[in-house]
Amino acid sequence: MSILLTHAYYLSTDPKEQRIMKPYPPLGQLYISGYLQERRIQNYIFDTTFSSKEKQLRFIATKKPEIVAIYANLMTKVEVIKLIKILKTEALYGFPKIVLGGPDVSYNTENYLRSGAQYIVIGEGEETLYELHQAIVNKTDIHDISGIAYLKDDKVVKTAARIKMKDLSLLPLPNRKAIDMQKYLDTWKNNHGVSSMTVSTQRGCPYTCKWCSTAVYGQSYRRRPAKLVAQELAMLKHEYNPDTIWFVDDVFTVSHKWLTEFHKEVIQQDAVIPFECITRAERLNDNVLQQLKEAGCYRIWIGAESGSQKIVDAMDRRVKVETVREAIQKTNALGMETGTFIMVGYPGENEQDIAETIHHLKVANPTHFTITVAYPIKGTSLYNEIENDITVQPDWNTSTDRDIDFRRTYHRKFYDFAVRRIVNEVHYFKNKKNTIEKLKLKIKSIAALLFMKYYKFK
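If you want the numbering used here, it's the position in the sequence shown, counting the first as 1, plus 4.
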């Protein structure tokens, strides 16, 4: 009995990502494929990133897998539902068993089941999908499988929660040979002059940020041995020769002991590849920064979310804004690039908080920053806090959590213009040479401020 692993992200239909052109492969599904392959379970991956739904469906019609396992997240949910309906209604595809996993399914289980999925994998997928496959093949009781949900007599049944994998050294490497990795490398190289690959060293995050979803790996901390990570990097260096690595971990330097081992191993194994990672400011110090640099780190993303301590505390970030600034400044001083994340429109945020964020970005002076308007993801503390204040709740089947809106301090459009204000004001500050460009940025910044004033009282 074969399994097809697939998803529903099509780069060709995403204008924003086509402008950015920094795609990465479905690493989670590559891990599952490697796990199944190690247990001699026939599986295929149809990676839709550079393909289309039409080609995906033709592949399924040709292979007629008994199980189609689809990864669903916030961005792909609507397309996943469309795919399910096609597979459920058209005999051409052999009516496969449809299994869903990913971060969006845990708190939307019933909706996905009533949309046509037969089984939901809640949490980590490797062990659960393997056991579900065995139960389907052997026609044994699926109720004994931990970490799944299904409909029985039109009611949702959830089995016992899956115990998280403790020893990640037992995980086989992602099955990167199952997809066209060169396509990703070439796309990066052609658009940015460098190629990039992803590596995962940990699962879970021990921190409690209210807006962050921990639906798959939970509020935990589990790490692959540093020696094995270095071995993986050495293999990637030999087989693919990427210019850079993106570590997908939530907090790369959470363990200083692990980082010391990693630093030693990548140097001993000649596995140094320039990399970027995400971490928290309080998990950086002079020694950690030096180790990161020597191990190949060229860019560190340091979470802040706001320059207002009031908002940072409301998010339960448990860090001082001053600590974030100092970490960014120290990293810059060592010759590494810095990045930070900013979120506006968080409950309680006012005009003064926006001003403090602009000040924070100017003083900290990160090389890069990204900015978004806060939205509540179901299952997070933020969602639970604002649930009774939701003002826009679109149809679930045709929308995502990004489309939900709630009662904020000011009108929603205030925060849209706050984004423009922050971006233009900070870029004006950073622009030291081009007088005409500086003038344009200042005009845009002032215009955004005027619109903010207008929508403040709407």
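Backbone N, C-alpha and C fix where the C-beta goes; we use that ideal spot for every residue, glycine too.
Bear in mind the structure is a predicted one, so any value in this text is a computation, not a measurement.
Q.
Tell me the rounded alpha-carbon separation between I450 and I362.
A. Position 446 of the sequence shown, counted from the first residue, corresponds to residue 450. Position 358 of the sequence shown, counted from the first residue, corresponds to residue 362. Using only the alpha carbons, I get a separation of about 13 Å.
(Q) Quick check on the burial criterion: 16 or more other C-beta atoms within 10 angstroms. Buried or exposed for R23? (A) Mapped onto the sequence shown, residue 23 falls at position 19. Its Cβ having fewer than 16 others within 10 Å, R23 is exposed.
Q) Buried or exposed: which applies to Y458, given that a residue is buried once 16 or more other Cβ atoms fall within 10 Å of its Cβ? A) As a working note, residue 458 is residue 454 in the sequence shown. Exposed, by the Cβ-count rule.
Q) If we count the other Cβ atoms within 10 Å of its Cβ and call it buried at 16 or more, is K59 buried or exposed? A) Taking the sequence shown and counting its residues from 1, the one referred to as residue 59 is at position 55. The residue is exposed, with fewer than 16 neighbouring Cβ atoms inside 10 Å.
Q: Kindly indicate which residue of F256, P29, A337 and G222 has the alpha-carbon position closest to the one of S199.
A: Here residue 199 corresponds to residue number 195 of the sequence shown, with the count starting at 1. Nearest of F256, P29, A337 and G222 to S199, Cα basis: P29.
Q. Going straight from the alpha carbon of D254 to that of R322, what length do you get?
A. Counted from its first residue, the sequence shown places residue 254 at position 250. Counted from its first residue, the sequence shown places residue 322 at position 318. If you draw a straight line from the Cα of D254 to the Cα of R322, it is about 15 Å long.
Q. How long is the line joining the alpha carbons of L237 and T202, rounded to whole angstroms?
A. Residue mapping note: residue 237 aligns to position 233 of the sequence shown, counting from 1. Residue mapping note: residue 202 aligns to position 198 of the sequence shown, counting from 1. Taking the straight line from one Cα to the other gives about 10 Å.
Q. In terms of alpha-carbon separation, which member of T132, C209 and K214 lies closest to I146?
A. For the purposes of this step, residue 146 is taken as residue 142 along the sequence shown, with counting starting at 1. The option with the nearest alpha carbon to I146 is T132.
(Q) Using only CA atoms, which one of L117, G38 and D157 lies nearest to A76? (A) Locating residue 76 in the sequence shown gives position 72, where the first residue counts as 1. Among L117, G38 and D157, the Cα nearest to that of A76 is on L117.
Q | N-terminal and C-terminal residue of the beta strand (DSSP E) that A65 is part of | A | Sequence index remark: in the sequence shown, residue 65 carries index 61 (1-based). Looking at the DSSP string, A65 is not in any beta strand (DSSP E); the run it does join, the alpha helix (DSSP H), is K57 to K67.
Q) Are there 16 or more other CB atoms within 10 angstroms of the CB of G38, so buried, or fewer, so exposed? A) Counting from 1 along the sequence shown, the entry for residue 38 is found at position 34. Its Cβ being crowded by 16 or more others within 10 Å, G38 is buried.
Q | P210 burial status per 10 Å Cβ neighbour count (16 or more: buried) | A | Looking up residue 210 in the sequence shown gives position 206. By the 10 Å Cβ count, P210 comes out exposed.
Q. Out of T93, A95 and I85, which has the shortest C-alpha to C-alpha gap to D108?
A. One-based indexing of the sequence shown puts residue 108 at position 104. Looking at the Cα atoms, I85 is the closest of the given residues.
Q.
Spatial neighbours of L31 within its chain, please: C-beta separation below 7 Å, excluding the five flanking residues on both sides.
A. In the sequence shown, the residue the question calls residue 31 occupies position 27. The residues are P178, T202, S204 and V252.
(Q) Which residue marks the beginning of the beta strand (DSSP E) containing S200, and which one marks its end? (A) Numbered from its first residue, the sequence shown carries residue 200 at position 196. Residue range S200 to V203 is occupied by the beta strand (DSSP E) that includes S200.
Q) When you compare only the Cα positions, how much space is there between A318 and W400? A) Taking the first residue of the sequence shown as position 1, residue 318 is located at position 314. Taking the first residue of the sequence shown as position 1, residue 400 is located at position 396. Rounded to whole angstroms, the separation of the alpha carbons of W400 and A318 is 28 Å.
Q: May I ask which residues mark the beginning and end of the alpha helix (DSSP H) holding A359?
A: As a working note, residue 359 is residue 355 in the sequence shown. Element bounds for A359: E355 to A368.
**Q.** Outcome for L96 when other beta-carbon atoms lying within 10 angstroms are tallied against a minimum of 16
**A.** In the sequence shown, residue 96 corresponds to position 92, counting from 1. Its Cβ having fewer than 16 others within 10 Å, L96 is exposed.
Q: Report yes or no: do three or more beta-carbon pairs, one from the region 233-249 and one from the region 268-281, lie closer than 8 Å?
A: They touch, by the three-pair rule.
Q: Write down the C-beta distance between M347 and A378 rounded to the nearest angstrom, noting that I regard them as a contact closer than 8 Å.
A: Within the sequence shown, the letter at position 343 stands for residue 347. Within the sequence shown, the letter at position 374 stands for residue 378. Sure, about 5 Å apart at Cβ, within 8 Å.
**Q.** H372 in three-state terms, based on DSSP
**A.** Against the sequence shown, residue 372 aligns to sequence position 368. Note: H372 maps to strand in three-state DSSP.
Q) Whose C-beta lies closer than 7 Å to the C-beta of T52 among residues of the same chain, with five residues either side of it excluded? A) Position 48 of the sequence shown, counted from the first residue, corresponds to residue 52. Around T52, the same chain offers T10, H11, A12, Y13, Y14 and Q60 as residues with beta carbons nearer than 7 Å, after the five sequence neighbours per side are excluded.
Q. For A285, which of I315, W262 and K324 has the nearest alpha-carbon?
A. One-based indexing of the sequence shown puts residue 285 at position 281. Closest option to A285, Cα to Cα, is K324.
Q | Pairwise C-alpha distance: Q206 and D420 | A | For this step, residue 420 is matched to residue 416 along the sequence shown. For this step, residue 206 is matched to residue 202 along the sequence shown. Distance between D420 and Q206, taken at the CA atoms: about 34 Å.
Q. Under the DSSP definition of a beta bridge, which residues are partnered with I469?
A. Nothing about residue 469 can be reported from this structure: the residues present for the chain run from 5 to 462 only.
Q | Own chain residues within Cβ distance below 8 Å of I271, not counting five before or after | A | In the sequence shown, the residue the question calls residue 271 occupies position 267. Around I271: E298 and A299.
**Q.** Range covered by the alpha helix (DSSP H) that runs through I152
**A.** To locate residue 152, count along the sequence shown from 1; it is residue 148. Per DSSP, I152 belongs to no alpha helix (DSSP H); it is in the beta strand (DSSP E), I152 to K156.
**Q.** Identity of the residue in D157, M239, L175 and I152 nearest A164 by Cα
**A.** Indexing the sequence shown from 1 puts residue 164 at position 160. Nearest of D157, M239, L175 and I152 to A164, Cα basis: I152.
Q.
Quick check: the Cα distance between D407 and I90, rounded to an integer number of angstroms?
A. Here residue 407 refers to the residue found at position 403 when the sequence shown is read from its first residue. Here residue 90 refers to the residue found at position 86 when the sequence shown is read from its first residue. Taking the straight line joining both Cα atoms gives about 25 Å.
Q: Would you mind sorting L174 into buried or exposed? The rule is 16 or more other CB atoms within 10 Å of its CB.
A: Mapped onto the sequence shown, residue 174 falls at position 170. Exposed.
Q) If you draw a straight line from the C-alpha of N1 to the C-alpha of R411, how long is it? A) No answer is possible for residue 1: it lies beyond the span of the chain, which begins at 5 and ends at 462.
(Q) Quick check on DSSP: helix, strand or coil for M185? (A) Locating residue 185 in the sequence shown gives position 181, counting from the first residue. The answer is helix: DSSP assigns M185 an H, G or I state.
Q.
Does R329 come out as helix, strand or coil in the three-state DSSP assignment?
A. Mapped onto the sequence shown, residue 329 falls at position 325. Residue state, collapsed to three classes: helix.
Q | Cβ-based burial, T402 [other Cβ within 10 Å; buried from 16] | A | Your numbering for residue 402 matches position 398 in the sequence shown. So T402 ends up on the exposed side.
Q | Simplified DSSP state of M347, which is helix, strand or coil | A | By 1-based counting over the sequence shown, the position of residue 347 is 343. Residue state, collapsed to three classes: strand.
Q. Secondary structure at Q206, three-state DSSP: helix, strand or coil?
A. Looking up residue 206 in the sequence shown gives position 202. When DSSP states are grouped into helix, strand and coil, Q206 belongs to the strand group.
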